[in-house]
Structures are given as structure tokens and as C-alpha cells.
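Numbering follows the working numbering, in which position 423 of the first sequence is assigned residue number 1496; successive positions increment by one, without gaps. Note that beta-carbon positions come from the ideal geometry of N, C-alpha and C, so glycine has one too.
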Amino acid sequence: MLQVYNTLTAKKEEFKPLTEGKVKMYVCGVTVYDFCHIGHARSSTVFDVIRRYFLYKGYEVTFVKNFTDIDDKIIKRSNENNIFWKDLTKQFIDEHDADMDALNILRPDHTPKATDYIPNMIKMCETLMEKGFAYESNGDIYYRVQKFDDYGKLSNRKLEDMMAGARIEVNDNKENPFDFVLWKASKPGEPSWDSPWGKGRPGWHIECSVMSEDILGLPFDIHGGGRDLIFPHHENEIAQSEAACGCEFSRYWIHNGFVNVNQEKMSKSLGNFFTIRTVLDEFNAEIVRYFLLTTHYRSSLDFSQDHLLEAEKSLDRIYTMLDEINRFNAGKKGTDVSAEAENTAKVFMEKFVSAMDDDFNTPEVLAALFEAVREFNRLLAAKPEKNSFETLKESCTKVFKTVADVLGIITYTPQQWFRLNLSIPEDELKTAIDQRAQAKKDKDFAKADEIRNGLKDKGIELLDTIEGTIYRAKKIRNL
RNA sequence: GGCGACGUGGCCGAGUGGUUAGGCAUCGGACUGCAAAUCCGCGUACCCCAGUUCGAUUCUGGGCGUCGCCUCCA
């Protein structure tokens, strides 16, 4: 039974889709005016894994993730860079897609852009005005927060409690300081669209209300995003959508925790962010993805180079095991490990499902995975005979197919993985290996070790096996 | 001022009212020309105080500390 933590009720609940066998989910995407950072990578990875798990369970999933392609920051940035705002957003949508592809995040089924939904937004504003939930003031349209009884239900706060000490925007156009803008009159020179209230552009929250309803219909199953979107963004979406349609908006609300740097939230304003792009320069995307899954999605996650290095070592351990299996030559004589091999896969699959069913507990899945790795290593060390070795391979394949399908990691072959960082031409390396083999034959161990150490400085580790010398290329880091 | 989260062995990080998380690092053993990898062995951790209980890291209350939201933010 799948349990999902629902922000709306602040507890884990059994997941029951609105329509049997189908899941409709909407995740808030990014505002496209700059490169994405690791915080975006986390959110994207978390919801990608959630989506993949639903697929794994056999659901038909409709996954929507929007682009906010008009807002103050976009206007500001395009002015600064002297670039047309549409060119700016186009560029960073492409950059976003490139980063997400690198991280092995499945493309959403729909990626609506705010500016493609202006007529629907205007219509929703009109509906809200007709129902008394919105009002016009100097060309702006505001949402009348007092009118919506449930305001605050998602973020668990009351209007009365929000005042003292809080930083309240001063705006004489508003009836109440917490009223928020649905449509704002544009200043001269700003991008604008015609509306019944003159030229203007949309407020932030309304795009998600409009696009989710248009694509998924109301209500839908899951709405997600980073924790920082709970208030005001998601609270306001609820207010808009539920007031406009008079029905429920989203059944489950899922929010991922922050990525921290030195115990502080990674954010643009603090300037402590790392873009995905820069991190990928130094670390393979699979390392980053693995790292993002080592902590439960609702907890905060401390970003550091040391943690990425640890993640890299963990992946090396897994790929090493897979490599050993690939290279193993089973003979007719040997141990029968069939039963144990099958059991290892069975135990893993059980743990995998129960961990994922428990609010997508990926760290527990990884623990189970390493237990399976140790077990496969142990069975391999027992020298299985041919038939049971085949069983072992099948069991191993089963485990790692699931891991690749749902977690989106271990997508390389071990041969690929250990060659990703090869720093010298392969034939040069082969020559060195041959020379060392000759030196060993001549019992010239000093020369053999010299060659080994020379290669090690280039990140290449040599391993002497029964079948000969093999190598593994590791990333050289100047840390 | 309001709301909320968290505090686990050297580090990271799950979890549980009484029996093994897991990874990384360290150490010992097997193996190896030397290595590497692997296997085996090793860690009696759960912020402090009080309470409930036969028994609490796990429940309750208080305290201390860290962080987040209340403005744009994944």
C-alpha cells in the first residue's frame, strides 16, 4: 500500500487515485531567466522518481511541469542584458532541458508556458470577479483573500496570525495587505497583453491554476514543488482554483526539502547556489542524481563536494560488482548458488517496494541495494558453476533493471563507467599494460610498479586478474 | 510575533517501545610479487532534564541548539 505524505493534512495517507489506474500530477517548474541550480535539480529528480514509481506500479501517469516565462525577474534580466524577453526565456528553457536531460529526468508529458495561456487567465480573473473573489484597482486585479474561508489551509496559518513582525508589502491599491495580484497593469515598455482592464500581464500564481485545470481537469491527484512554494504560491493557487470552480483543486500536495550549503538554504538571494552546469563539469550526472537520492525527499540535504565524492565511491562499488560479474568465467564445476541468488533478488524487490511505498523512501532503497550488492559479491566469491551463475546474472539484472527504471541510476555498463574518465589514448594505455606484463614476467617488479604508479597519477588503476590486467579510470580531481 | 521541521556512532544517513539499517572513513584477518577489488571480523550511537512503562533513541512535557516559511525562491 502506497503511503504519501500530504502537506495539506500534514500526515502520511494512503494514495488513492481519483480515477482507478491513473495519476494526474502537476509540478511547479522554474522561472526561466537563468541557469538552474542544484535546488532545481533536486526537485526535478524527486518528482521524476515519484513519477517513475507510479509508472513502475502500472499507473498511467500524466505529468505536467510548467515554465514561468513572464515575470519581474525576466523583464529585469532582459533589460540588463539588452535582449528581447522572449529570446531570454527561450534560451533558458533550452538550457533547462539540457540540464534535465543530463540528469536522466524524463521529459514531462506537458510543459505549458504561462504566456500561452493569457486568454484563460483573463477568463479566470473575470470568473473570480463575478463571484466576488477579485476586484479591480487602478488596472490591477487582486484576489480578495478574506472572502475565501479556507485561506491558509495548506500552509497552516491564519490571516490574523500573519501580521505582526512580518514583512508586508505596502500597496495602497489593496483592500487587505495579503490580497495578491492576479493581473497587473503593465508599465510603458513592458511586455503586455490586452485585457478588459487595459494592457497588463499576469500575476505569478494564476498561471498554475489555469494551466493545471486546462490540461488535467479538476480535481487532479498530485500537486508538487519545493517547500518554499507552499506559501504563498500554492496557497494562492488553491484560493484561485477552488473559488473559481467551486470544487477541490488537488487531492495530494507533495513538497521536497531544500538543498542546503553549510546548513543554509541554497538560494539566489544568499548567493550560495551552484548551478547544475558547473557541478556537472566536475561530476558525472549520475553521481549528482545518486547524491540527490541519498536523503529522503522531505528532509533538507546538505550539498558539498565531500558528499559528491562519497556518492561517486558508492557508485564505484556498485559498478565494480557488476564488472566482476561480467568478467566472471563460470566452469562446469563450482558451487550451486541458484537458490541464494534468486533469494537475493526477491529480498531486494520486497524491500524496494516497501521502502518506496513508504512515502518514496529512497535512502532505504539504497540500503537494500547495497545489501544485495554485498550478497552478489559473496556469491560470486563462492565460484558458482555455470548454471547457477546464469541464475545469479539474471537475478542481478532484475535488481538493476528496477533501479535503473525507477531511480534512474546505474544506467551505464561497468565498461562504460570505468572509461568515462580515461585521460590517455587507449592504445597508449595498452602499450603500457603490455610493458608492465613483460616486466612482471622478467621479475622486474620495480619497473612494473613504476608503470603502475605512473598510470595511477593519470587516474588509471590497474588490476591484475587471472585473465590478465584490466584497468579502471577514475576522475582526477585537484581538490 | 505566528507557524513548522530537525538534533542518531569519525562523517553522511534510515529506522524502531525490548532482537542487523546502509554508505564512506579507520583498524585487524584472508587473498596478492606489491597493489586493487572482494570476503570475514570490529563500532553497545541516538542533544539535555523530567514523566509514562517491566523496559525509550523511539511516546508525553519542559529546556537547549540548528534550520525553514510568514517577500521572489525548487
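**Item:** According to DSSP, residues forming a beta bridge with K1085
**Value:** Working through the first sequence from its first residue, we reach residue 1085 at position 12. K1085 is bridged to Y1078.
**Message:** Using 7 Å as the threshold, is the C-beta distance between S1373 and N1333 below it?
**Reply:** In the first sequence, counting from the first residue as 1, residue 1373 sits at position 300. In the first sequence, counting from the first residue as 1, residue 1333 sits at position 260. Yes; because the gap between Cβ atoms is below 7 Å, this pair is in contact.
**Asked** Is it true that the CB of T1162 sits closer than 7 Å to the CB of D1142?
**Response** In the first sequence, residue 1142 corresponds to position 69, counting from 1. In the first sequence, residue 1162 corresponds to position 89, counting from 1. Yes, these two residues count as a Cβ contact at 7 Å.
**Request:** Express the C-alpha separation of K1471 and V1426 in angstroms, rounding to a whole number.
**Result:** Walking along the first sequence from the start, residue 1426 turns up at place 353. Walking along the first sequence from the start, residue 1471 turns up at place 398. Looking at the two C-alpha atoms, the distance is approximately 14 Å.
**Request:** Following the continuous beta strand (DSSP E) through E1534, name the residue where it begins and the one where it ends.
**Result:** Residue mapping note: residue 1534 aligns to position 461 of the first sequence, counting from 1. Start and end: 1533-1538.
**Message:** Just list the residues that DSSP pairs L1374 with in beta bridges.
**Reply:** Locating residue 1374 in the first sequence gives position 301, where the first residue counts as 1. According to DSSP, which records beta bridges pairwise, L1374 is partnered with V1332.
**Prompt:** Looking at the unbroken alpha helix (DSSP H) that takes in F1443, where does it start and where does it end?
**Reply:** In the first sequence, residue 1443 corresponds to position 370, counting from 1. Start and end: 1435-1454.
**Prompt:** Do you know offhand how far I1178's Cα is from F1473's?
**Reply:** Walking along the first sequence from the start, residue 1178 turns up at place 105. Walking along the first sequence from the start, residue 1473 turns up at place 400. Taking the straight line joining both Cα atoms gives about 18 Å.
**Request:** Round the Cβ separation of D1294 and K1097 to the nearest angstrom and send it over; I've been treating them as touching at under 8 Å.
**Result:** If you number the first sequence from 1, residue 1294 lands on position 221. If you number the first sequence from 1, residue 1097 lands on position 24. 5 Å between Cβ atoms; contact.
**Item:** Residue from F1356, E1310, L1366, N1229 whose Cα sits closest to the Cα of I1482
**Value:** Counted from its first residue, the first sequence places residue 1482 at position 409. Ranking F1356, E1310, L1366, N1229 by Cα distance to I1482 puts L1366 first.
**Asked** When burial is assigned at 16 or more other CB atoms within 10 Å of the CB, is G1102 buried or exposed?
**Response** By one-based count along the first sequence, residue 1102 stands at place 29. Burial call: buried.
**Prompt:** Secondary structure at M1202, three-state DSSP: helix, strand or coil?
**Reply:** Against the first sequence, residue 1202 aligns to sequence position 129. The answer is helix: DSSP assigns M1202 an H, G or I state.
**Item:** Length of the line joining the Cα atoms of R1300 and N1329
**Value:** Position 227 of the first sequence, counted from the start, is the residue given in the question as residue 1300. Position 256 of the first sequence, counted from the start, is the residue given in the question as residue 1329. Cα to Cα, the separation comes out at about 6 Å.
**Item:** T1200 versus D1507, F1449, A1316, F1165, residue with shortest Cα-Cα distance
**Value:** Within the first sequence, the letter at position 127 stands for residue 1200. Closest by alpha carbon: A1316.
**Prompt:** Rounded C-beta distance between K1545 and L1536? I'm assuming under 8 Å.
**Reply:** Counted from its first residue, the first sequence places residue 1545 at position 472. Counted from its first residue, the first sequence places residue 1536 at position 463. For the sequence presented, residue 1545 should be read as Arg rather than Lys. Contact flag correct, Cβ pair sits at about 7 Å.
**Request:** Would you mind stating whether W1270 and G1212 have Cβ atoms separated by less than 7 Å?
**Result:** The sequence position of residue 1270 within the first sequence is 197, counting from 1. The sequence position of residue 1212 within the first sequence is 139, counting from 1. Yes, they are a contact pair.
**Message:** Please report the straight-line C-alpha distance between G1238 and N1229, rounded to a whole angstrom.
**Reply:** As a first step, residue 1238 must be located in the first sequence, where it is residue number 165. As a first step, residue 1229 must be located in the first sequence, where it is residue number 156. Residue placement at G1238 is flagged as unreliable, the pLDDT there being 47, under the threshold of 50; the coordinate-derived value follows with that caveat. Computed Cα separation, rounded: 18 Å.
**Message:** Please list the terminal residues of the continuous alpha helix (DSSP H) segment that includes V1410.
**Reply:** In the first sequence, the residue the question calls residue 1410 occupies position 337. It is not in any alpha helix (DSSP H) - V1410 carries neither H nor E in the DSSP assignment.
**Asked** In this structure, does DSSP put M1235 in helix, strand or coil?
**Response** Position 162 of the first sequence holds residue 1235. If DSSP states are grouped into helix, strand and coil, M1235 belongs with the helices.
**Prompt:** Would I1111 pass as a contact of F1356 if the rule is Cβ separation under 7 Å?
**Reply:** As a first step, residue 1111 must be located in the first sequence, where it is residue number 38. As a first step, residue 1356 must be located in the first sequence, where it is residue number 283. No; because the gap between Cβ atoms is not below 7 Å, this pair is not in contact.
**Request:** Going by CA-CA distance only, name the one from P1250, A1428, A1207 that's closest to H1369.
**Result:** If you number the first sequence from 1, residue 1369 lands on position 296. Of the listed residues, the one whose Cα sits closest to H1369 is A1428.
**Item:** Best match in Y1208, E1448, D1222 for proximity to A1412 [C-alpha to C-alpha]
**Value:** Position 339 of the first sequence holds residue 1412. Among Y1208, E1448, D1222, the Cα nearest to that of A1412 belongs to E1448.
**Asked** Can you name the residues that DSSP bridges to H1296?
**Response** In the first sequence, the residue the question calls residue 1296 occupies position 223. Y1099, W1326, per the DSSP bridge assignment.
**Message:** To the nearest angstrom, how far is the alpha carbon of D1432 from that of K1424?
**Reply:** For this step, residue 1432 is matched to residue 359 along the first sequence. For this step, residue 1424 is matched to residue 351 along the first sequence. Looking at the two C-alpha atoms, the distance is approximately 13 Å.
**Item:** Own chain residues within Cβ distance below 8 Å of M1422, not counting five before or after
**Value:** The residue given as residue 1422 occupies position 349 in the first sequence. K1471, V1472, T1475.
**Message:** Just list the residues that DSSP pairs E1209 with in beta bridges.
**Reply:** Walking along the first sequence from the start, residue 1209 turns up at place 136. According to DSSP, E1209 bridges with I1214.
**Request:** Could you pull out every residue in the same chain whose Cβ sits closer than 7 Å to the Cβ of L1502, ignoring the five residues on either side in sequence?
**Result:** Taking the first sequence and counting its residues from 1, the one referred to as residue 1502 is at position 429. These residues qualify, in order along the chain: I1533, Y1544.
**Message:** Please return the same chain residues whose Cβ sits closer than 6 Å to the Cβ of E1014, not counting the five positions on each side in sequence.
**Reply:** It is not possible to answer for residue 1014, since the shown part of the chain is limited to 1074 through 1552.
**Request:** From the DSSP output, read off the bridge partner residues of G1273.
**Result:** Translated into the one-based positions of the first sequence, residue 1273 becomes position 200. DSSP, once it has assigned bridges, lists A1258, W1266 as partnering G1273.
**Item:** Of the residues Q1336, F1347, S1461, the one placed nearest E1415, counting alpha carbons only
**Value:** Here residue 1415 corresponds to residue number 342 of the first sequence, with the count starting at 1. E1415 has its Cα closest to that of S1461, out of Q1336, F1347, S1461.
**Asked** Relative to the C-alpha of D1389, which residue among L1493, F1304, T1188 is closest?
**Response** Reading the first sequence from its first residue, position 316 is the one you call residue 1389. It is L1493.
**Item:** Cβ neighbours of D1430 in the same chain (closer than 7 Å, five flanking residues each side left out)
**Value:** Counting from one through the first sequence, the residue named residue 1430 turns up at place 357. So the list reads M1074, L1075, Q1076, once near-sequence residues are dropped.
**Item:** Exposure of G1298, with buried meaning 16 or more beta-carbon neighbours within 10 Å
**Value:** Residue numbering aside, residue 1298 sits at position 225 when the first sequence is read from its first letter. That one is buried.
**Prompt:** Which of the three DSSP states, helix, strand or coil, is assigned to A1546?
**Reply:** Numbered from its first residue, the first sequence carries residue 1546 at position 473. A1546 falls in the strand class under three-state DSSP.
**Item:** N- and C-terminal bounds of the alpha helix (DSSP H) containing K1138
**Value:** Residue 1138 sits at position 65 when you count from the first residue of the first sequence. Note, K1138: premise wrong, no alpha helix (DSSP H); beta strand (DSSP E) at 1133-1138.
**Request:** Tell me, please, whether the stretch 1340-1349 touches the stretch 1400-1409 by the rule of three or more beta-carbon pairs shorter than 8 Å.
**Result:** no
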